[in-house]
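Chains as they are written, first to last, in my numbering: chain P, 87 to 332; chain R, 701 to 1295. Glycine included, each C-beta is placed from N, C-alpha and C at the ideal position. Here's the structure we're looking at; comments come further down.
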């Protein structure tokens, strides 16, 4: 059996170039692209390369990160023009003959290097009532059939990393748009059989900055590191506004 | 507004209740406290980034939804799982209040997996048994393999609903203790605002620590980069004791070489551990419950297989988690995230290939000593009035020498809730303790030293050397010699730490500075862990001494209590005193631990 196991420890190291978009208003208002050569291994991710730069070359390089395996949602960034989590993007899966371009997610104000101000994103989330609205006071658990539970399973996976919202061209041009992540989180409750707040949420999303701004470009679905069918969820919310929740 | 020489400002806030940490325990406390009194939650991270979200397998509660179960069996399993170092009154509370804790979460909206008749579904987990060890029992309530994620999201959603006030990306660096009415009382915490570099003083009547663990003392760990034990370290620096710090849990199934967690749910759903020859080796170590033995036993068995040359892979340095006999639809429905980790990070397809795994540093059983009301203790029984702790940073002690899987998500909910309730009860009667003039001086000093450091040592290098020595000398197997080696190494690193270099000179989002300060806490906690591990000359639960291989109840059925002495050590560790505290026994006398 052991012979079948892929050799994971023996991947040789290789050198890659990262081009990182640097910005620190305390130093200068100017944005710079800075290149760094780092030696990495086959299991290394873009986050590992960023850590190598920070820990070995320039301690001032600034980015958010925490869990480092794709569940906390801290390190969404634009890598070679696509929104990804740095901790989930293996370097060997990128074209390493070219420099790897790393920049902050778009559409939110850049604070420093790869750190953006997330508050507009969080506010859109808070504005769609992202919590269960239920008037009953059960003594035990509420019952829910496995089918009803499955109805909103996909959208419970959201980690609020903002990869979807900041990949959306509508959001780039109109920061008032709620954006995919807020709609995903509305979907999670609208289609929960225990919830009674759907109408209010649907009203909110029927607004001119709501779901109708979506142009169905599917960028959000492609960007989601959790594999959520974001565009489908938005379409279901649109349908629910028109026909009621099914 | 007072401005210091770095051009940063100092801000003052006043809340009845100040909660440090916005993971499961902190937010569960806030949900109890927020509706009653003015409450602030201060967090190093945005709340949903907290590491509760990485927990996978489930939350134990004897709901008996799918088979016969009761809280007394759960209590027994917890006590036995903890190798009889568990305080049995606390374990009883944990097990009794578990049912309501799960119902609270369901009522808040948590999307648990369901049985065909619509109740919360339950599955098996290591060490949880029916009728005192007869067979595995289905006790873990779960939401696929992202139960922690759903708990964290649900608690945050509820906090949004209640309008809880958060201070996110505020890094608490100090607890201000003040002499008041003849006793030491907490008056405030001092935090560093990451976005601006400003200092904030949060005065509170009740102060709750819910700051999580410190897995980053080890190299191979399931823990987040941010789990540097600042909260526990702050308590230590205040001269308050830490309990049972030698007991650190190594989770059996970390992805080999990476440490990323693969839930025990994989074995709960039928996964099997195999060595290089394909043998199901747990049959030799735990004949009755095999792969579902408690984590300390499984982790040691795995390490032993590798040590004795039966490891798999080119370097024979891991074992295999075999899920290939499970139907792909079961894997997809119940273990989607962890199987994706195997695909993403190791390129292994769990449908058809076994996954390389090895133990990974996972959970601190020890921490800030508290009683069952989550009140922090300053010795074996004296309460520090107004100071509370809950969750992984605390030691109440429900996990003893080894925590059972699914008992930590339970712990944060049961004792997080209690922390909120008792913090409110105290704050209703108490006055604000005046904050002294010089409240921020220690933090200013700490920041100034780091900010102005122009040495040659790199923080990342020192941290790596610390983690290497902890992995090598204070992991699954320990000896007097290995622990002394670790102690000497930490002393050497501390000296080099005086000569560090912080390159980022800025005020805004200075994570370079932050990492330098975090390293200081990692040193403190590593040293306490090693010292208590050295003094516990027996093997129990997660603490295994090769030079003292058996459990010694006569001498060591006691909690360790480490105290920081106010003196400069000549030899490493001389500034730490290790004392002992009796274990609370109610119904279960210590027995041999066999599975």
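Measure the alpha-carbon distance for residue 277(P) versus residue 810(R) and round it to whole angstroms. One C-alpha to the other measures close to 14 angstroms.
Given that a residue counts as buried once 16 or more other Cβ atoms are within 10 Å of its Cβ, and exposed if not, what is residue 720(R)? Taking every protein chain shown into account, the CB of residue 720(R) has 16 or more other CB atoms within 10 angstroms, so this residue is buried.
Check the Cβ-Cβ distances between residue 267(P) and every residue of chain R, and say whether any is below 8 angstroms. No, residue 267(P) does not count as interfacial toward chain R.
So with CB distances below 7 angstroms, who are the chain R contacts of residue 232(P)? Those within 7 angstroms of residue 232(P) in chain R are 814 and 816.
Run through chain R and tell me which residues come within less than 7 angstroms of residue 151(P), C-beta to C-beta. In chain order: 925.
Is the stretch 240-257 of chain P close to the stretch 309-321 of chain P, with three or more CB pairs under 8 angstroms? Three or more pairs of CB atoms, one per stretch, sit closer than 8 angstroms, so the stretch 240-257 of chain P contacts the stretch 309-321 of chain P.
So, helix, strand or coil for residue 841(R), using DSSP? Strand at residue 841(R).
Grouping DSSP H, G and I as helix and E and B as strand, with all else coil, what is residue 823(R)? Here residue 823(R) sits in strand by DSSP.
With C-beta atoms as the reference, is residue 193(P) less than 8 angstroms away from residue 257(P)? It is a contact, given that the beta carbons lie within the stated cut-off.
Would you check if the distance between the CB atom of residue 790(R) and the CB atom of residue 1097(R) is smaller than 8 angstroms? It is a contact, given that the beta carbons lie within the stated cut-off.
Selected residue, minimal CA-CA separation from residue 1130(R), among 891(R), 712(R), 717(R) and 849(R): It is 717(R).
Opposite residue 1095(R) in the DSSP bridges: which residues? In the DSSP secondary-structure assignment, residue 1095(R) is bridged to 1069(R).
Pull out every residue of the stretch 1206-1226 of chain R whose Cβ sits closer than 7 angstroms to any Cβ of chain P, in chain order. Answer in chain order: 1206, 1207, 1208, 1209, 1211 and 1212.
Use the C-beta contact count for residue 275(P): other C-beta atoms within 10 angstroms, 16 or more gives buried, fewer gives exposed. With a 10 Å radius around the Cβ and a threshold of 16 neighbouring Cβ atoms, residue 275(P) comes out buried.
State the Cα-Cα distance for the pair residue 766(R) and residue 831(R), rounded to the nearest angstrom. Their backbone Cα atoms lie some 15 angstroms apart in a straight line.
Using a Cβ-Cβ cut-off of 7 angstroms (strictly less than) and excluding sequence neighbours within five positions of residue 1059(R), which residues of its own chain qualify? Only 950, 951, 952, 954, 999, 1002, 1003 and 1176 meet the Cβ criterion.
Counting only beta-carbon separations shorter than 8 angstroms, does residue 1204(R) have a partner in chain P? Closer than 8 angstroms: yes.
How far does the alpha helix (DSSP H) with residue 868(R) in it reach, from first residue to last? First-last for residue 868(R): 865-868, but that is the beta strand (DSSP E), not the alpha helix (DSSP H).
Against chain P, does residue 720(R) count as a neighbour if the rule is that its beta carbon must be under 8 angstroms from one of theirs? Not a single C-beta of chain P is nearer than 8 angstroms to the C-beta of residue 720(R).
In the DSSP assignment, what are the bridge partners of residue 1157(R)? In the DSSP assignment, the residues bridged to residue 1157(R) are 1200(R).
Could you please give the first and the last residue of the uninterrupted beta strand (DSSP E) stretch that includes residue 979(R)? Counting along the chain, no beta strand (DSSP E) covers residue 979(R), and no H or E run does either.
Which term fits residue 915(R), buried or exposed, when burial requires 16 or more other beta carbons within 10 angstroms of its beta carbon? Taking every protein chain shown into account, the CB of residue 915(R) has 16 or more other CB atoms within 10 angstroms, so this residue is buried.
When 1083(R), 918(R) and 1028(R) are compared against residue 966(R), the one with the closest alpha-carbon: Nearest of 1083(R), 918(R) and 1028(R) to residue 966(R), Cα basis: 1028(R).
Which residues mark the beginning and the end of the alpha helix (DSSP H) in which residue 258(P) is found? Looking at the DSSP string, the run of the alpha helix (DSSP H) that includes residue 258(P) is 255-259.
Please list, in chain order, the chain R residues whose beta carbon lies closer than 8 angstroms to that of residue 142(P). In chain order: 1158 and 1160.
Residue 1148(R): buried (16+ other C-beta within 10 angstroms of its C-beta) or exposed? The Cβ neighbour count for residue 1148(R), taken over all protein chains shown within 10 Å, is under 16; the residue is labelled exposed.
Close-in-space but distant-in-sequence residues of the same chain around residue 1090(R) (CB under 6 angstroms, 5 per side omitted): Here the set comprises 725, 910, 1074, 1115, 1116 and 1119.
Please state whether the Cβ-Cβ distance between residue 1022(R) and residue 989(R) is less than 8 angstroms. It is not a contact, given that the beta carbons lie outside the stated cut-off.
Identify which residue in 979(R), 1209(R), 1291(R) and 1244(R) has its Cα closest to the Cα of residue 109(P). With distances taken between CA atoms, residue 109(P) lies nearest to 1209(R) out of 979(R), 1209(R), 1291(R) and 1244(R).
Rounded straight-line distance, which links the Cα of residue 824(R) to that of residue 758(R): Here the C-alpha atom of residue 758(R) lies approximately 10 angstroms from the C-alpha atom of residue 824(R).
Buried or exposed for residue 172(P), going by 16 or more other Cβ atoms inside 10 Å? Burial call: buried.
On the DSSP bridge list, what partners appear for residue 176(P)? Bridge pairing for residue 176(P): 131(P) [DSSP].
Give me the Cβ distance between residue 1065(R) and residue 1007(R), rounded to the nearest whole Å; I'm assuming they're in contact under 8 angstroms. About 24 angstroms separates the beta carbon of residue 1065(R) from that of residue 1007(R), a gap too long to meet the 8 angstroms contact definition.
Mind checking which residues open and close the beta strand (DSSP E) that includes residue 1134(R)? Per DSSP, residue 1134(R) lies in no beta strand (DSSP E) segment and is marked neither H nor E.
Proximity of residue 889(R) and residue 908(R) at Cβ, strictly below 8 angstroms: No. Outside cutoff.
Can you name, in chain order, every residue of its own chain whose Cβ lies under 7 angstroms from the Cβ of residue 815(R), other than the five neighbours on each side? For residue 815(R), where only same-chain residues beyond five positions count, the Cβ hits under 7 angstroms are 765, 766 and 821.
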